[in-house]
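Since the structure comes first, as structure tokens, the remarks are kept for the end.
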Amino acid sequence: MRTFLVCIPLLFSVSNLYAADYRVEALDEPAPADEISSDIAATLSPAGVRVIRGTATTFCDIWLCKQWATQDDFVPTSALLYPFTPGQLMGVVRYSRKGSDYRDQDIESGVYTLRYAQQPVDGSHVGTSLTRDFLLLLRAESDESPKVLDYSALAERSAEAAGSSHPALLSMQRVEGDAKALTMRHDEEHDWWIVGVEGKTPSGKGIFVEFVVYGVAAE
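For the sequence shown, my numbering gives the first residue as 192, with consecutive numbering after it.
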């Protein structure tokens, strides 16, 4: 009995070694110009966002576009949350070490563009997500123009980034509570770490988005 009582806190402390919180802070440096095209670089804000795992480990850095074009006649629904055009450039992300996407696919360290996409409405995707808004990752070296990509090219290049037959993606979420420019919240039910950032429309109006920066789809 004495041994059993000692093992409980020991196992608890060992398991906590593998758990880590995530936080976000402003990053006062530009995107790496030597790893992205000059046309993409010209669209990005000069400062970024850093996602930190644990006390000091950089998980990824994100640079948003200076402006996000939006659809004037867009009306959000329970399934579609954001007024963006599928295929449009949203920003750039740099992973300092291997990461993973919303499907738990490996994302190798490096620089990727982020483009908005909507989950197809077909039999293959029924029940996989309550919402259809996603960010797809493309290797920066294979995505040199900020122009909108059609879905076929977008999905193909993103799948190449994941090294699989399925695009590499991050799930966008509904903004909860008071929107703030730089936030991180934890969805404990799914163990999702959700980052909230603010972009700008061409008119200068702020627009907030949230997406799962770490965490996988519920089975």
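We put the beta carbon where it would ideally sit given N, CA and C, even for glycine. Just so you know, these numbers come straight off a predicted model, no measurement behind them.
Where DSSP assigns a beta bridge to residue i, which residues make up the other side?
{"i": "residue 257", "result": "Its beta-bridge partners do not exist; DSSP assigns none."}
{"i": "residue 330", "result": "303"}
{"i": "residue 216", "result": "241"}
{"i": "residue 286", "result": "251 and 301"}
{"i": "residue 386", "result": "375 and 402"}
{"i": "residue 272", "result": "The partner list for residue 272 (beta bridge, DSSP) is empty, contrary to what the question assumes."}
{"i": "residue 308", "result": "325"}
Whole angstroms are fine: how far does the CA of residue j sit from the CA of residue i?
{"i": "residue 236", "j": "residue 249", "result": "20 Å"}
{"i": "residue 404", "j": "residue 265", "result": "25 Å"}
{"i": "residue 255", "j": "residue 281", "result": "6 Å"}
{"i": "residue 278", "j": "residue 383", "result": "25 Å"}
{"i": "residue 435", "j": "residue 347", "result": "Past the edges of the chain, shown from 192 to 410, lies residue 435, and the structure says nothing about it."}
{"i": "residue 305", "j": "residue 352", "result": "11 Å"}
{"i": "residue 271", "j": "residue 300", "result": "30 Å"}
{"i": "residue 295", "j": "residue 263", "result": "34 Å"}
{"i": "residue 339", "j": "residue 243", "result": "30 Å"}
{"i": "residue 224", "j": "residue 232", "result": "7 Å"}
{"i": "residue 408", "j": "residue 293", "result": "6 Å"}
{"i": "residue 379", "j": "residue 362", "result": "16 Å"}
{"i": "residue 226", "j": "residue 375", "result": "27 Å"}
{"i": "residue 302", "j": "residue 369", "result": "31 Å"}
{"i": "residue 234", "j": "residue 259", "result": "10 Å"}
{"i": "residue 229", "j": "residue 221", "result": "13 Å"}
{"i": "residue 309", "j": "residue 246", "result": "34 Å"}
{"i": "residue 391", "j": "residue 366", "result": "16 Å"}
{"i": "residue 217", "j": "residue 257", "result": "15 Å"}
Please classify residue i: is it buried, with 16 or more other beta-carbons within 10 angstroms of its beta-carbon, or exposed?
{"i": "residue 314", "result": "Note on residue 314: pLDDT 48, under 50, position unreliable in the model; the coordinate value appears next. Exposed, by the Cβ-count rule."}
{"i": "residue 400", "result": "buried"}
{"i": "residue 397", "result": "exposed"}
{"i": "residue 406", "result": "buried"}
{"i": "residue 387", "result": "buried"}
{"i": "residue 395", "result": "exposed"}
{"i": "residue 359", "result": "buried"}
Identify the continuous beta strand (DSSP E) that holds residue i and give its terminal residues.
{"i": "residue 362", "result": "360-364"}
{"i": "residue 378", "result": "373-378"}
{"i": "residue 238", "result": "It is not in any beta strand (DSSP E) - residue 238 carries neither H nor E in the DSSP assignment."}
{"i": "residue 405", "result": "397-405"}
The alpha helix (DSSP H) spanning residue i covers which residue range?
{"i": "residue 342", "result": "342-353"}
{"i": "residue 231", "result": "229-232"}
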